[in-house]
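Q: Residue numbers (the numbering used here): 1258 to 1320.
After the structure tokens below, expect a handful of questions from me.
Right, dumping it as structure tokens:
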């Protein structure tokens, strides 16, 4: 279904958002996996944005 831009909801204009939460703070495997999933999703859906939340102190080390 195609809608005119002025008839789209704010969510449709800006795209969808996904939140990934990783509670495990031990090791790097879970962060790498979350990051790989996020990259695959964004690569498949052009208007998608993904936010990863983690208790790990090294999460900010990833580019």
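Here a beta-carbon is modelled for each residue, glycine too, at the ideal position from N, C-alpha and C.
Quick one: grab the DSSP three-state call for residue 1301.
A: Residue 1301 sits in a helix when the DSSP states are folded into three classes.
Q: Opposite residue 1285 in the DSSP bridges: which residues?
A: For residue 1285, DSSP records no beta bridge to any residue.
Q: Give the secondary structure of residue 1310 by DSSP, where H, G and I count as helix, E and B as strand, and everything else as coil.
A: strand
Q: Looking only at its own chain, which residues have a Cβ that is under 7 Å from the Cβ of residue 1272, when we skip the five neighbours before and after it?
A: 1304, 1305 and 1306
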